[in-house]
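Number of protein chains: 2
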Amino acid sequence: MKLNKLIGDRFKERPSDCQIDSHALMVRGGYIKYVANGIFSSFPPLKRVTRKIEQIIREEMDAADGQEVLFPVVMPATLWQESGRYESIGAELLRFTDRNRQPMVLGMTHEEAAVQLVREYANSYTKYPFMIYQIQTKFRDEARPRGGLIRVREFTMKDAYSFHTSQEDLEEYYKRMHKAYERIYERCGAKGVISVKSDSGMMGGSVSHEFMLLTPIGEDSIAICKKCGYTANVEAAKSIIENVRDENSENLAEVNTPNCHTIEEVCEFLKTAPEKSAKAVVYQKIPSDEFVILFIRGDLDVNETKLTNFLGCDIRPAVIDEECGICAGFIGPVNLKVNAPCTVLFDESLKNLNNLVCGANRTDFHMTGLDMQRDVPNAEYRDFAKIIDGGICPECGEHAITISRGIEVGNIFQLGTKYSKSMGMTYLDADGAEKVPIMGCYGIGVGRLAASVCEASHDDFGPIWPMAIAPWQVHLCAVRPDDERVKSAADKLYDDLQNAGVEVIYDDRNVRAGVMFSDADLLGVPLRVVVSPRNLDEGVFELSSRDKTLSEKLDPKNAVERLQELIKQMMNA
Amino acid sequence: MKLNKLIGDRFKERPSDCQIDSHALMVRGGYIKYVANGIFSSFPPLKRVTRKIEQIIREEMDAADGQEVLFPVVMPATLWQESGRYESIGAELLRFTDRNRQPMVLGMTHEEAAVQLVREYANSYTKYPFMIYQIQTKFRDEARPRGGLIRVREFTMKDAYSFHTSQEDLEEYYKRMHKAYERIYERCGAKGVISVKSDSGMMGGSVSHEFMLLTPIGEDSIAICKKCGYTANVEAAKSIIENVRDENSENLAEVNTPNCHTIEEVCEFLKTAPEKSAKAVVYQKIPSDEFVILFIRGDLDVNETKLTNFLGCDIRPAVIDEECGICAGFIGPVNLKVNAPCTVLFDESLKNLNNLVCGANRTDFHMTGLDMQRDVPNAEYRDFAKIIDGGICPECGEHAITISRGIEVGNIFQLGTKYSKSMGMTYLDADGAEKVPIMGCYGIGVGRLAASVCEASHDDFGPIWPMAIAPWQVHLCAVRPDDERVKSAADKLYDDLQNAGVEVIYDDRNVRAGVMFSDADLLGVPLRVVVSPRNLDEGVFELSSRDKTLSEKLDPKNAVERLQELIKQMMNA
Numbered sequence: 315m316k317l318n319k320l321i322g323d324r325f326k327e328r329p330s331d332c333q334i335d336s337h338a339l340m341v342r343g344g345y346i347k348y349v350a351n352g353i354f355s356s357f358p359p360l361k362r363v364t365r366k367i368e369q370i371i372r373e374e375m376d377a378a379d380g381q382e383v384l385f386p387v388v389m390p391a392t393l394w395q396e397s398g399r400y401e402s403i404g405a406e407l408l409r410f411t412d413r414n415r416q417p418m419v420l421g422m423t424h425e426e427a428a429v430q431l432v433r434e435y436a437n438s439y440t441k442y443p444f445m446i447y448q449i450q451t452k453f454r455d456e457a458r459p460r461g462g463l464i465r466v467r468e469f470t471m472k473d474a475y476s477f478h479t480s481q482e483d484l485e486e487y488y489k490r491m492h493k494a495y496e497r498i499y500e501r502c503g504a505k506g507v508i509s510v511k512s513d514s515g516m517m518g519g520s521v522s523h524e525f526m527l528l529t530p531i532g533e534d535s536i537a538i539c540k541k542c543g544y545t546a547n548v549e550a551a552k553s554i555i556e557n558v559r560d561e562n563s564e565n566l567a568e569v570n571t572p573n574c575h576t577i578e579e580v581c582e583f584l585k586t587a588p589e590k591s592a593k594a595v596v597y598q599k600i601p602s603d604e605f606v607i608l609f610i611r612g613d614l615d616v617n618e619t620k621l622t623n624f625l626g627c628d629i630r631p632a633v634i635d636e637e638c639g640i641c642a643g644f645i646g647p648v649n650l651k652v653n654a655p656c657t658v659l660f661d662e663s664l665k666n667l668n669n670l671v672c673g674a675n676r677t678d679f680h681m682t683g684l685d686m687q688r689d690v691p692n693a694e695y696r697d698f699a700k701i702i703d704g705g706i707c708p709e710c711g712e713h714a715i716t717i718s719r720g721i722e723v724g725n726i727f728q729l730g731t732k733y734s735k736s737m738g739m740t741y742l743d744a745d746g747a748e749k750v751p752i753m754g755c756y757g758i759g760v761g762r763l764a765a766s767v768c769e770a771s772h773d774d775f776g777p778i779w780p781m782a783i784a785p786w787q788v789h790l791c792a793v794r795p796d797d798e799r800v801k802s803a804a805d806k807l808y809d810d811l812q813n814a815g816v817e818v819i820y821d822d823r824n825v826r827a828g829v830m831f832s833d834a835d836l837l838g839v840p841l842r843v844v845v846s847p848r849n850l851d852e853g854v855f856e857l858s859s860r861d862k863t864l865s866e867k868l869d870p871k872n873a874v875e876r877l878q879e880l881i882k883q884m885m886n887a
Numbered sequence: 315m316k317l318n319k320l321i322g323d324r325f326k327e328r329p330s331d332c333q334i335d336s337h338a339l340m341v342r343g344g345y346i347k348y349v350a351n352g353i354f355s356s357f358p359p360l361k362r363v364t365r366k367i368e369q370i371i372r373e374e375m376d377a378a379d380g381q382e383v384l385f386p387v388v389m390p391a392t393l394w395q396e397s398g399r400y401e402s403i404g405a406e407l408l409r410f411t412d413r414n415r416q417p418m419v420l421g422m423t424h425e426e427a428a429v430q431l432v433r434e435y436a437n438s439y440t441k442y443p444f445m446i447y448q449i450q451t452k453f454r455d456e457a458r459p460r461g462g463l464i465r466v467r468e469f470t471m472k473d474a475y476s477f478h479t480s481q482e483d484l485e486e487y488y489k490r491m492h493k494a495y496e497r498i499y500e501r502c503g504a505k506g507v508i509s510v511k512s513d514s515g516m517m518g519g520s521v522s523h524e525f526m527l528l529t530p531i532g533e534d535s536i537a538i539c540k541k542c543g544y545t546a547n548v549e550a551a552k553s554i555i556e557n558v559r560d561e562n563s564e565n566l567a568e569v570n571t572p573n574c575h576t577i578e579e580v581c582e583f584l585k586t587a588p589e590k591s592a593k594a595v596v597y598q599k600i601p602s603d604e605f606v607i608l609f610i611r612g613d614l615d616v617n618e619t620k621l622t623n624f625l626g627c628d629i630r631p632a633v634i635d636e637e638c639g640i641c642a643g644f645i646g647p648v649n650l651k652v653n654a655p656c657t658v659l660f661d662e663s664l665k666n667l668n669n670l671v672c673g674a675n676r677t678d679f680h681m682t683g684l685d686m687q688r689d690v691p692n693a694e695y696r697d698f699a700k701i702i703d704g705g706i707c708p709e710c711g712e713h714a715i716t717i718s719r720g721i722e723v724g725n726i727f728q729l730g731t732k733y734s735k736s737m738g739m740t741y742l743d744a745d746g747a748e749k750v751p752i753m754g755c756y757g758i759g760v761g762r763l764a765a766s767v768c769e770a771s772h773d774d775f776g777p778i779w780p781m782a783i784a785p786w787q788v789h790l791c792a793v794r795p796d797d798e799r800v801k802s803a804a805d806k807l808y809d810d811l812q813n814a815g816v817e818v819i820y821d822d823r824n825v826r827a828g829v830m831f832s833d834a835d836l837l838g839v840p841l842r843v844v845v846s847p848r849n850l851d852e853g854v855f856e857l858s859s860r861d862k863t864l865s866e867k868l869d870p871k872n873a874v875e876r877l878q879e880l881i882k883q884m885m886n887a
């Protein structure tokens, strides 16, 4: 199409409200339009990118024996009550009532709808395994949308659901989908996507992986082992601590620690290393307000995902008043008394340790010489700590963990029977026994993937789209189209390219070359052809690639063939 | 794909809750699954049909210089307040609040979003004309969803919006879209779609057309002139009445009409023809409750759409109590007194008439000898009547109107400046003057079109899908696949067809031929190939078409070529 007909504005100034580059470039390049917090319209260039991504996803899902279906955006609350999620999910599930006062929800995911679709059909083991998927609009009422298309409220997502008669069959299919996902990212030109073990969260199930595009602006922290290649979301990574016990245990002793409220202040005051302290972190359960006191080694942080999973409910930082008897800032495991329901937990980092500093449960006093074995003999230890940079790899045991940032661009879950069981889906096995099918689910956000590719592949002037998902394949610039030779040569090339099935955007506006080129940079089309008076004097067109790796003179006679050849190469790249 | 892997059940019994054939066949054939009132999930066969319809629509929109965009399903109420529709549309606009208590709506149409997307961009006449479109989920909270996919609450729709600098330009583009729509129906195999003039309703604007698929189960009534080909939705059709005045006017006289409450009873009692009576129809405005009394000739019905458009507000049948002074059943235009706000209107069918029967505004009394000129000298007459079968064509003036039923499968509107003006969209004209652009909008429901084609093209055993939108192109049946010859011949043909790019569904289940064929009928694939022991004895495959117009023996050697040839022919048909 002709650029002068393309709707949307392109401009140079970085919008002040854009924190990350992909957001800024998508606004500057006429890709997205803000409608409301976390809600955008797409201009044609983005729509062209997302349609190509969707087609790649569709092909890979079909190749994995997926069958495309469509679930509703608006679902009755009753469906979500069957699984229990109508109650268990927070405000991100948008609930409302229709004109007949029926409670409804907006779909943020479709496990319930998937089970509802197939539970009558899949009543015999002979129907298994199968996988269904859709590409559909979803709405998640995020508290804090951010980063343009990275974290939005309304988005287009491919979500797939597989059904199996055994865990082995699920695991085999899970591996197949893992490979399909790798191919999707590769084909979309999303370089540097790695898969990491993740926490299953509200989806249920046990094993799950996230596909992470590594970038400093990512919202997630990922633990990567430099030695063995182990990867995991920090939320899900097991923290391994070498607990070295001093040979001799000192006696417990109370010490005055005036104005020392944090563990750092106490250790500083007592000239002790934080590793030789037991700090208390206090939460309250939602909605019961019951207290949770977690003791952990002073140098470590709590992994709240692990804690939440263990407790089976949401938590928030505690509000401690005088009535509850908790002595904030001076909490210790010895002689701890709380006048309210309270769960006391111990992180594995404290196991066996002695000669620790801890709170004395008395204002302005701490204790020294805490010996966990001797003084807290009944403590049970669990892993609640956040893995740390330089920490021990849970896989190979080396001190080789590094922490990187990443954007989640897809996830796959082994759901197990959480949904099939709660929603009463069963089948008859070969021996006539009634069984509950085992499920997997597999998601990928289309807009976020587009934004992530832009984030990973851009310069100051615009996105550098991979050929397979670029809005167009060739950007044709007629510099000085008022020159009759330029106009007719460029017009002819435009026609020839279109007739050859090449997707071409043609800029024949009578504007300065600088304006033309900065617009071309913002559209990020992989190949650019310039037709100008100077080039024509030489009898050539000028060809360059958006990523600057290629620059050559094109013979007008075989320009179309050369471009087709390059497009083909770059598709496979 | 193999039929034994296709998810969804097919069965013989017509579900008792299905009023129309397409609904019953789509349930019986495993196309749709009920989720909630007016909300369905799509099984793979329907998804395949709708994807093909979407692709045809997309191609025709692109050919009409349309640019594909995407608007949100969830929009802020503020956007709809700008146009005034947040207040003016009834309960079918689903309103709710998000977690931050912001009022939001679910998009049932996207004029506001379209203007919001382009109003900064299209600030100069040089940017015009242009058209943008999307294919997206919509939600309309219908009071009475019915007929399967015919009238639903959630649906996929293509909606397009064009922007122009002159009415002439809009009209020219409108014609172009009219042609594009005709091509869409033709390509989708939706035979018998006609375009009719329609009422613009809540969309605003003046000229609009609906595309109607004529079928007895249609919800709309369409006036068609047998002489000149004039067509219009009955809602929008002008009613033309020949008002023949008697030579002599009788005097007004009160007569006792005990127990005569309807105009039919009165005419029967007085031995008068209904054409010689003036009946009163009483409404109340919403929400003001103000009365509206409309006098119309006794044999005609009120076209409430015309009345609503004239009044500029919604109406409902009146609730008449004693206080208001209206004498229900005996209302007449002479000495009418109402103790409440009231609008009195006269339909053109009464103009000039004399010697009419009408109510006397007194219980059990009517009047005879009413002369509209003499007795109601100040009456203003307007067209509020429903056009009737056998009535006068507003175009050619002949008594040649017939009334047919139809399903609306698309509509196009000349919107004018309703949205651009209210939402402050302007551009600078060539002479530097600020102008308001003129809009058109163009809608087509994808699921409804699929259901309509099914309604128009089916038999008792299933849909008869046109080739262009059929879920598959060839249905291959291996009858007696336990016969090794059958299995290997059919497997080979399946592979060959797939390699040739033919969309084939392959039934190699070890079931009776009857089960196979009734499943094939329900899937409605245009071409069916049967491989059976008997056929192989003859050295042939058996080919037939779903519409029974074709039946031939296929030479296995060139079966693929013959099928490809037929597919090509049937695509163009």
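First to last, the protein sequences are chains A and Y. So for the first sequence, the working numbering puts the first residue at 315; every next one is plus one. So for the second sequence, the working numbering puts the first residue at 315; every next one is plus one. Where a beta carbon is used, it is the ideal one built from N, C-alpha and C, also for glycine.
Look up residue i in the DSSP assignment and give the residues it is bridged to.
| i | result |
| --- | --- |
| residue 837(Y) | Beta-bridge pairing links residue 837(Y) to no other residue. |
| residue 682(A) | 567(A) |
| residue 610(Y) | 593(Y) |
| residue 468(A) | 453(A) |
List the endpoints of the continuous beta strand (DSSP E) containing residue i.
| i | result |
| --- | --- |
| residue 539(Y) | 534 to 539 |
| residue 412(Y) | Here residue 412(Y) belongs to no beta strand (DSSP E), and DSSP marks it neither H nor E. |
| residue 820(A) | 818 to 821 |
| residue 716(A) | 715 to 730 |
Consult DSSP for residue i and reduce its assignment to one of helix, strand or coil.
| i | result |
| --- | --- |
| residue 879(A) | helix |
| residue 492(A) | helix |
| residue 855(A) | strand |
| residue 320(A) | coil |
| residue 544(Y) | coil |
| residue 776(A) | strand |
| residue 586(Y) | coil |
Going by DSSP, what residue range makes up the alpha helix (DSSP H) through residue i?
| i | result |
| --- | --- |
| residue 429(A) | 425 to 432 |
| residue 812(A) | 798 to 813 |
| residue 708(A) | Taken as a continuous stretch (DSSP letters only), residue 708(A) belongs to no alpha helix (DSSP H), as it is neither H nor E. |
| residue 358(A) | 358 to 377 |
| residue 761(A) | 760 to 770 |
I think residue i touches residue j, with their Cβ atoms under 8 Å apart; what is that distance to the nearest whole Å?
| i | j | result |
| --- | --- | --- |
| residue 800(A) | residue 847(A) | 6 Å |
| residue 368(A) | residue 358(Y) | The pair is not a contact, with the Cβ atoms about 17 Å apart (cut-off 8 Å). |
| residue 753(Y) | residue 881(Y) | In fact, because the Cβ distance is near 40 Å, the residues do not count as touching under 8 Å. |
Quiz item: What residues in the region 316 to 333 of chain A have a beta carbon less than 9 Å from any beta carbon of chain Y?
Solution: 318, 319, 320, 321, 322 and 323
Quiz prompt | Proximal residues, the region 393 to 409 of chain A versus chain Y, C-beta separation under 8 Å | solution = 393, 405, 406 and 408
Quiz item: Of the residues that make up the region 703 to 722 of chain A, which ones have a beta carbon closer than 9 Å to any beta carbon in chain Y?
Solution: none
Quiz item: Using Cβ-Cβ distances below 7 Å, what residues of the region 360 to 392 of chain Y are close to chain A?
Solution: 361, 381, 382, 383, 384, 385, 386, 387, 388, 389 and 390
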